[in-house]
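Only one structure is covered here, and it is reproduced in the block below.
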Amino acid sequence: MQITGTFIDEISHDIPHQNWGAEEWDTDFAHMKAMGIDTVILIRCGYQQFLTYPSNYLIKEYNCFAPPVDLVQLYLELADKYGMTFYFGTYDSGEYWKTGDMRHEIDVNLHVIEEVYDSYGHYKSFGGWYLSLELSRKTKGAVTSIAQLGAKCKAVSKGLPVLISPWIDGKKAVMASNNELTKDSGISLKEHEEEWDEIFEGIKGSVDVVAFQDGHVDYTDLEGYLKLNKKLADKHGLQSWTNSESFDRDMPIKFLPIKWEKLLLKLNAAKRAGCEKAITFEFSHFMSPQSAYKQAGHLYNRYMESPLARHRRGTE
Amino acid sequence: MQITGTFIDEISHDIPHQNWGAEEWDTDFAHMKAMGIDTVILIRCGYQQFLTYPSNYLIKEYNCFAPPVDLVQLYLELADKYGMTFYFGTYDSGEYWKTGDMRHEIDVNLHVIEEVYDSYGHYKSFGGWYLSLELSRKTKGAVTSIAQLGAKCKAVSKGLPVLISPWIDGKKAVMASNNELTKDSGISLKEHEEEWDEIFEGIKGSVDVVAFQDGHVDYTDLEGYLKLNKKLADKHGLQSWTNSESFDRDMPIKFLPIKWEKLLLKLNAAKRAGCEKAITFEFSHFMSPQSAYKQAGHLYNRYMESPLARHRRGTE
Amino acid sequence: MQITGTFIDEISHDIPHQNWGAEEWDTDFAHMKAMGIDTVILIRCGYQQFLTYPSNYLIKEYNCFAPPVDLVQLYLELADKYGMTFYFGTYDSGEYWKTGDMRHEIDVNLHVIEEVYDSYGHYKSFGGWYLSLELSRKTKGAVTSIAQLGAKCKAVSKGLPVLISPWIDGKKAVMASNNELTKDSGISLKEHEEEWDEIFEGIKGSVDVVAFQDGHVDYTDLEGYLKLNKKLADKHGLQSWTNSESFDRDMPIKFLPIKWEKLLLKLNAAKRAGCEKAITFEFSHFMSPQSAYKQAGHLYNRYMESPLARHRRGTE
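Protein chains in written order, with full-length UniProt numbering: chain V, 1 to 316; chain D, 1 to 316; chain U, 1 to 316.
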């Protein structure tokens, strides 16, 4: 299963910034392209007061800072140049992470979605929306929020696809600020099925693609979850992608690139589960030859030597 | 607001060593010079048993280790070579961090100050003193200690300037060994004013420059503190510099280079507040093109492309 | 005291992987050789479900994953090529770390030892065994386990030497997942002597070499422990090596390369204590010029410039 999409983690919650300029981003898109990536997904357009684009609305209403560069424009131009599809990630005020209630984020994003499509919707590569509010089973107001925001995205953009990337409440679902790497108990497959069946029922029509994060469960348990997610997605008419994390959740440094063998295991499990597409969080820190983490460049090399990439080259 | 000074973080509390030799330090001073840095400040001359110079006094009386290289001599030679001013940072036995009582550090430093000026005072670049005991409002014995040590520095060196760099007890004032990035409550502007008015009253005459660390309060609150610090410094006849931290306090890896946008915001706030000079903690790990953290080199490039550096070049 | 051996940390507990391929490993062995390393020690052949070699036994009985590369074969070929001795590290199911009872690991390893010697014992460089179960004084079942596994190793391989590398229960003996860097109290020299005298009595005959980890006690206390360990080893007919850690235990990032001065201090203490050999944990992350941690390459340079390496060159 080849990786054909990646998040772009600007603005970051917990991954230190690389301080790249336009030149480094251009080089990075070229590396992505060489690896077979055709889809880039902005993880969020803003977090708290930091923004990726000079939003009049957010600067005025939310006291956000005017950014030194318009990254949304830069990414769209690069996606145009390299023939990729760009998904726009919505705003995250930070409130949701404190309260666990996603409804805080609805109103602001209804405005952002309009503003952004007005400003950037004309780019050829503007091809979808990513609802950046990461949900899991216990997220208050998730169904309402996702349904309402997804519907808005589709309404303003003549039906462009909407992507979400929830997490499984598995044993590795701990906060980055938490010292521990695991918690005692994760959700069972049965609970996961019941709860997500209900969630999917509530959001279908507003969302097109669900790409579960693949790093919160044990490597041996992953395939079971991927298959179940695929079954549920099929039932509700959603596409099932895998969001294959390229950072390592098993190490005390939070976070450095994942061991190649682990990524390979996860991608093989996704293939067996029938996922339609594999994306990763994320290329530029964890798989790029120019990453500040040198392990990322080696991961890129291992990937490029592997049958996954050989298959890609064979089909070009 | 241009950065014209930097700390040199040898011996380090919490930043891993780069293991540089004389050649790498020479290159680093050249990078600093190219960026407009005219002042280097040794963060401390020793911490617990590790020393930057072969102090007879500390080796004999405090059981310190004889260092493999005399870094104080090396830095002074390089400062001479590159036409910079060197500030000598006093000794930190480590006791103060355990007890919170700064008076432990007075006696040892009265000896160190004499020994050091005897050995190194003749260097052209030896231009000031840095009292390495980082204080905040609740530090026991701070006023006595700072006043006494500052007076001693001036007495032995015919009045060379004395610098301190306190921290604001803001919401990000947590220990590096603490997992959390913030605490629930920080000091209010009003409390800060009252307490520092009193502290400045007690240390004036012994101290010339106060450079508050700028990383412990929210980005939006910083300007208020900088302005208040400037007002208080003016009232007591002190210079007000900003110590603009070039590492990121908002990330779970403690610590990697700061995002360029954040540094820029802080420097702009310091300019508006009327700070006389901006220094940073610190160039060699967090802004240097040869740093082990590649993000640092990119931060350097962003800085050099910015109006801050353009202004510098224009005035040469 | 020159470093002439290193662990190879694949599979890792807590050090992020570098994602090297065969080419990088070949280069790394060349760097090791240039530094005077003649012994490489596989830290463990597998951890939980991840393996370094395609073990039929572990894949079938323990549900382990078939690895993408046979690292044991690769390392043996490189050790043959560079004229080094290879020590094979036993399997760690992970159970021991949860329960503190080492007896879980006996049965599985009795099988692994046989399987491995059958498959790889013919390599010229296959020269010893490393019992990967790190013990300290309170490890349940340690004496039984070590004695039984060591005897098995010797029986299958016609007496090849067996190495263990315990830790001293000093003040820095805290888990990597623990935020704190130290605990309040460590073992006293007297307790250490009594307890290890008893342990050595129980394992002698099954073990040839004891290489205590040197990073869990204060730099000033280390020499006392090294001397005591040497005395106890002599008494029981064991060799006493030092396992001189090349990562820094004093920093909040767990873990980056150690400061050169600290490594030098520890090696000098080991020399004074009369250790027969110094090995390190470990070269590839923390001392290699091609490490992802650039500080490691500088540590290599400092080491190569030092009298330790000059002595080596002088005796060639």
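No residue lacks a Cβ here, since even glycine has one placed at the ideal position from N, Cα and C.
A quick note: this is a predicted structure, and the numbers were derived from the prediction, not measured.
Uninterrupted beta strand (DSSP E) stretches at least 3 residues long and entirely within the stretch 65-145 of chain V occur at 85-89 and 126-130, given in chain order.
In this structure, DSSP gives tryptophan 241/V an extended state, which the three-state scheme calls strand. Within 10 angstroms of the beta-carbon of arginine 302/V lie 16 or more other beta-carbons, which makes it buried.
For leucine 42/U, the enclosing beta strand (DSSP E) covers residues 39-42. Of the residues assessed, proline 68/U falls on the exposed side of the cut-off, its CB having fewer than 16 other CB atoms within 10 angstroms. Under DSSP, isoleucine 279/D forms a beta bridge with Gly5/D and Asn243/D. Residues Ala273 of the same chain have their beta carbon placed closer than 6 Å to that of lysine 227/V, with the five preceding and five following residues left out of the count. Taken in chain order, the unbroken stretches of beta strand (DSSP E) that lie wholly in the stretch 158-206 of chain U and span 3 residues or more are 162-164. Between lysine 271/V and methionine 35/V, the C-beta spacing is not below 9 Å. Taking a 10 Å sphere around the C-beta of lysine 259/U, we find 16 or more other C-beta atoms and assign the residue as buried.
A Cβ-Cβ separation of about 5 Å places tyrosine 91/U in contact with valine 112/U under the 8 Å criterion. If you draw a straight line from the Cα of leucine 222/U to the Cα of serine 244/U, it comes to about 11 Å.
When the alpha-carbon of threonine 85/U is set against those of Ala309/U, Met102/U, Gly170/U and Phe7/U, the nearest one is in Phe7/U. Remark: C-beta atoms of proline 166/U and glutamine 213/U approach each other more closely than 9 Å. Setting aside the 5 residues that flank it on each side, threonine 139/U is surrounded in the same chain by Met102, each with a C-beta closer than 6 Å to its C-beta; the list follows chain order. Per DSSP, reduced to three states, the secondary structure at valine 217/D is coil, with no helix or strand assignment.
Between serine 291/V and chain D, the shortest Cβ-Cβ separation is below 9 Å. A Cβ-Cβ distance of about 6 Å is found for the pair valine 207/D and leucine 238/D, placing them in contact under the 8 Å criterion. Assigned with DSSP and collapsed to three states, tyrosine 293/V falls in coil, not helix or strand.
For asparagine 56/D, the enclosing alpha helix (DSSP H) has its first and last residue at 56-62.
The beta carbon of tyrosine 293/V lies closer than 6 Å to those of Leu256 and Pro257 in the same chain, with the five residues before and after it left out.
Distance between leucine 135/U and proline 54/U, taken at the CA atoms: about 27 Å. The straight-line gap separating the alpha-carbon atoms of leucine 110/D and lysine 81/D is approximately 29 Å. In this structure serine 246/D is buried. Its beta-carbon is surrounded by 16 or more other beta-carbon atoms within 10 angstroms.
With contact defined as three or more Cβ pairs closer than 8 Å, the stretch 43-54 of chain D and the stretch 15-24 of chain D are not in contact. A residue is called buried once 16 or more other Cβ atoms fall within 10 Å of its Cβ, and methionine 32/V is buried on that count. Considering only beta carbons, the part of the stretch 210-240 of chain U lying closer than 9 Å to chain D consists of Asp218, Tyr219 and Thr220, in chain order. Here glutamate 61/V is exposed: its Cβ has fewer than 16 other Cβ atoms, across all protein chains shown, within 10 Å.
Per DSSP, reduced to three states, the secondary structure at leucine 228/U is helical. About 7 Å separates the Cβ atoms of tyrosine 219/V and lysine 262/V, confirming a contact at the 8 Å cut-off. Within the stretch 10-52 of chain U, complete beta strand (DSSP E) segments of at least 3 residues are found at 39-42, given in chain order.
Close CB contacts of threonine 280/U within its chain, under the 6 Å cut and outside five residues either way in sequence, are with Ile3, Thr6, Ser244 and Ser246 (chain order). Only exposed fits threonine 99/D, as fewer than 16 other CB atoms lie within 10 angstroms of its CB. Chain-ordered listing is empty here: chain D has no CB closer than 8 Å to the CB of asparagine 109/V, the nearest sitting near 22 Å.
The stretch 176-186 of chain U makes contact with the stretch 171-181 of chain D; the number of CB pairs closer than 8 Å reaches 3 or more. Non-local beta-carbon contacts of glutamate 193/D in its own chain, meaning distances under 6 Å to residues more than five positions away in sequence, involve Leu228 in chain order.
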